[in-house]
């Protein structure tokens, strides 16, 4: 009884203690940037007792110990905290659901929840988290259905962006729109200038751009000003770069063993001039590590941006000055990229809010120099792979060494880079002026004038050099090239937006007039009077006959009319209808104009009263469907005309040879657009404020691909370009998101997955084949990639192997009607499969060995934060693609090998995959394109990992700084792949037939950097 009374007494005391009223104070900040949040509702749960936070995010509230405080704010996740003290600091996380946000669509904006097309958005804060070098990198792994791959790791190298597969044999890049201006690429943009990016993937979203939207559209809006006091921010980082891997190559002793063995296998002995004697490798150890000689350790990379923004109710502004520099990991001073940008945006609104005037202007100057990034003949990387390890970098007299044996174009890569002088300088201006006036309620007219101007200057100087018997330059030479691009874009739109009752209508009509011009001028001269790159001028030549000059001029125009109507009823039912009529000077008079329509619908099921209570935890569910057509007019100029060439020579009876002109190709006035027709079905789902899911299925068919017509050889002219191909891309996209917060700890993850199947379904020629022009080395390594009905576009076309002949019996058994299929084969040689069993190995036996386009792509973003500490990592990977490892000169018997050759066939049962080594490759083990040269190129790469710390406000107040965040970051720190070459990530936006062909690609760099984000 005493124990019971004691227990009751203790419980009563505890209750009295917890019932005591106390004053709770604290501060509410944002998990995104650590800034205080004013206006947060702080309420004792289950009561009306509450308050809101001050402008500094602070609150004070009388409550009882043990009660629960509820913190809520629009756009943030609500939190509950039990009162167990007098101080309570809270960090709120942004809501996962961003359905009330607006996204930029063609010629306007739209509420995200009302979008019926397939549009993905990337926010500025997400872009700023990664120290990227090019703006296109911000898309990689962030958007399902978009494959992004660097064309090489060289500073300033291009990036391929393919939206929902490749649908053309020409340029497969999407249309980039920057502040309303169509631009060719966005290499000039600094990532710190980007306010938002929208990727328009389906036809309904991109149909408003008609003839230019077949490959998808990427809309970029640069940062705008906002009302408030002037604010100065600094964003910058400094890092060091290193090659992420070296290829495993033979050292000097291993090389000697393999070369001598190949000579023995071909009937030679130690008396051969190519035999490597022991004296040649004595005292050199492993020999020259050529990769170490060409790769640079800790190459610097840096970026710095100052941004000033602010404004009042009538005028807002944002301007920025940025500098970026990246030195290459190959060569000390011959591979680099430097860019300086100035951006200025301003917007004015009249006092009656009817007139708006604004401008955006960006000036960029960038300078680059580089080595050949992917060539088995000229690239120093390919030369470093192929040259023997016995040769030293320099001879005893200090001159550059030659390879110990003749290797044709394979020369000393250090010497190759030493004599390289090739520099580009580009000035670019992209600007836009607009005026918008609301002359009637709900009716606005807007007119804008955009300009995209670029001026490029190229300097090339070749000094005297002699690197091998066939690689030499016997006279100094200078080349100067100048190029100008002008594009003017004038657009006028009329927009009507009206809400009446449950109905909402947004109608748009507009016109576009765009003109583009291109001109070039080049000159060259040889035999300079004064040698040296500082004197590389044409006037410095004393040989007037060597001086040449040439130039050209091109222009094209586009005239368009377009319209769009968006309709919504009750915020539940939505529909959009778009049509665009384009006329382009790039097509013949018979097909100069075309019309591109689209339609899309959406239904927000979760808003239906009869379903709301039956969806359980589902807070939002929308299904959508779309169909539409887009065109592709990016085919170059004059393809429909018969161009005149001036290089023909005519011989007369008196022996006189006269140069004249002649038609180069047959004209085709019926040439028309490549047309992409796409169907999309998808849904968007949210579960509470934590989980999100987006799904899309698409089928995109591109018709009327441009091909060369089949004509008899006796015609004497090049074949005309005709419309004669169809390619289909179909696939699925999935985007998953999750975000949560537990007291001061917040975390989130997004996972995007996509699958795509590419197939040629029609080619209008006799063979049903389009041949690429990719060749590497000997005659058996020609036309490595083709397009064929029933196969992916640009697949690898070669022979299948069935292992290695183990003995003479297997060689003799590989026959047809008693005739050997491989008459020169010996045990240890590759077995080529006779696919049609006719006893002859020819092109009819070449099959699909793989293709460079992944079946699946995946991007995973993980982030977490605890108080002032934040952490993030980003993984990107591809599955199902292959690459041609053409890094070795297969036509040369004495070049170096990868260490996989150590597992070669040396006798029966020793290997069934790696053939014997031979000097005279009569069976063409190394000279016939087969699956022996094709490798799986799946990879998973840690693209970025970052750890940041935001200084406490108590510290910043002392130095009058609003925010300081410091971070350390790593790029490409981990890569998992079975591919044996330098780099599994290779893109090529200019020619699909070259994609995935590795001839010694410049690899991506592994980067470690430190950075800061400061707001003053």
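In mature numbering (1 follows the signal peptide of the UniProt record, and there is no 0), the protein residues as written are -19 to -1, 1 to 997. All C-beta atoms, glycine included, are put in the ideal place defined by N, C-alpha and C.
Query                                                                                                                             : Result
Endpoints, the beta strand (DSSP E) within which residue 305 is located                                                           : 296 to 308
Beta-carbon separation (whole angstroms), residue 451 vs residue 434, contact threshold 8 Å                                       : Between residue 434 and residue 451 the Cβ distance is about 43 Å, and since that is not below 8 Å, they are no contact.
Candidates 296, 659, 890 and 313, of which the one nearest residue 197 by Cα                                                      : 659
Beta strand (DSSP E) runs contained entirely in the region 880 to 939, provided each spans 3 or more residues                     : 915 to 917 and 920 to 931
Helix, strand or coil at residue 235 [DSSP, three-state]                                                                          : helix
Cut-off 6 Å between Cβ atoms - residues of its own chain near residue 337, not counting five sequence neighbours on either side   : 330 and 417
Environment of residue 267 [buried if 16+ CB atoms lie within 10 Å]                                                               : exposed
C-beta atoms of residue 99 and residue 609 nearer than 8 Å                                                                        : no
Buried or exposed by the 16-neighbour rule on C-beta atoms within 10 Å, applied to residue 912                                    : buried
Distance between residue 345 and residue 47 (C-alpha atoms, nearest Å)                                                            : 60 Å
Other residues of its chain near residue 430: CB distance less than 6 Å, five sequence neighbours each side excluded              : 414 and 471
Cβ-based burial, residue 620 [other Cβ within 10 Å; buried from 16]                                                               : buried
Residue 998 vs residue 176 beta-carbon contact at 8 Å                                                                             : Outside the displayed range of the chain (-19 to 997) lies residue 998, so it cannot be described from this structure.
One or two residues paired with residue 536 in a DSSP bridge                                                                      : 498
Beta-bridge pairing of residue 728 - partner residues as DSSP gives them                                                          : 721 and 845
Among 232, 28 and 201, nearest to residue 880 - alpha-carbon criterion                                                            : 232
Assigned exposure category for residue 77 - 16 Cβ within 10 Å defines buried                                                      : With a pLDDT of 48 at residue 77, under the threshold of 50, the modelled position of this residue cannot be trusted, and the question is left open.
Supposed contact pair residue 522 and residue 508 - C-beta distance, whole angstroms, cut 8 Å                                     : 6 Å
Extent of the continuous beta strand (DSSP E) to which residue 419 belongs                                                        : 403 to 421
Pair within 8 Å by beta-carbon distance, residue 953 and residue 987                                                              : yes
Distance CB(residue 735)-CB(residue 672) smaller than 8 Å                                                                         : no
Neighbour-count burial assignment, residue 806, 16 or more Cβ in a 10 Å radius                                                    : buried
Limits of the unbroken beta strand (DSSP E) element including residue 794                                                         : Taken as a continuous stretch (DSSP letters only), residue 794 belongs to no beta strand (DSSP E), being part of the alpha helix (DSSP H) at 789 to 794.
Of the listed residues 261, 218 and 343, nearest to residue 285 (C-alpha basis)                                                   : 218
Minimum C-alpha distance to residue 663 - residue among 109, 604 and 486                                                          : 604
Beta-carbon contacts of residue 576 that lie in its chain and below 6 Å, excluding the five residues immediately before and after : 562
Neighbourhood of residue 84 by C-beta distance below 7 Å, restricted to the same chain and skipping five residues each side       : 90, 91, 93, 96, 100, 102 and 179
Counted within 10 angstroms of its Cβ, other Cβ atoms place residue 631 as buried (16 or more) or exposed                         : exposed
Residues that residue 381 bridges to, as DSSP identifies them                                                                     : 375
Beta-bridge pairing of residue 222 - partner residues as DSSP gives them                                                          : 280 and 988
Neighbourhood of residue 817 by C-beta distance below 8 Å, restricted to the same chain and skipping five residues each side      : 825 and 826
Residue 791 to residue 783 span [Cα, whole Å]                                                                                     : 12 Å
Length at least 4, wholly inside the region 79 to 157: the alpha helix (DSSP H) runs in chain order                               : 105 to 109
Any beta strand (DSSP E) of 3 or more consecutive residues that is wholly inside the region 564 to 628                            : 574 to 585 and 599 to 613
Euclidean distance between Cα positions of residue 299 and residue 325                                                            : 6 Å
Touch test, the region 539 to 547 against the region 480 to 496, Cβ-Cβ under 8 Å, three pairs minimum                             : yes
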